[in-house]
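Quick notes on the structure that follows.
In my numbering, the protein residues as written are 148 to 260.
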């Protein structure tokens, strides 16, 4: 970032270029489990054939008021509150495990002998 000079010769505000500032998502390593949730959220809505606006409207009917931008954020990042995930699963007619991309049955890992 480089300061600009004002007409008085004093340094003005800093102006950043795109190359100077990395996006917060680029700085954070992507957790594979969270990426899987994001993919599952996108897939769940796609399987229903519902538009983003329809999902937002159905959530509003349940008392959860969000924007299309918020829904897109959930589908992009995989980060969603549990209460919102529960209602979203209801809208899609699936379990929260399915919403998160988990299979109904998994082999359990044994602890100890």
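Glycine included, C-beta positions come from ideal geometry on N, C-alpha and C.
If you ignore the 5 residues before and after residue 211, its C-beta comes within less than 7 Å of the C-beta of 231 and 234, all in its own chain and listed in chain order.
Taking 8 Å as the cut-off, the Cβ atoms of residue 239 and residue 191 count as close.
Each of 203, 184 and 178 was checked against the Cα of residue 229, and the nearest Cα belongs to 184. Distance from the CA atom of residue 195 to the CA atom of residue 178, rounded to whole angstroms, is 26 Å. In the three-state DSSP reduction, residue 243 falls in the helix class (H, G or I). Comparing C-alpha distances from residue 219 to each of 207, 202 and 209 shows the shortest one belongs to 202.
Distance from the Cα of residue 182 is smallest, within the candidate group 249, 216 and 259, for 249. Taking the Cα positions, residue 217 is about 43 Å away from residue 259. In the three-state reduction of the DSSP assignment, residue 198 falls in the coil class. Secondary structure of residue 211 (DSSP, three-state): coil.
In the displayed model, residue 259 falls within coil according to three-state DSSP, outside both helix and strand.
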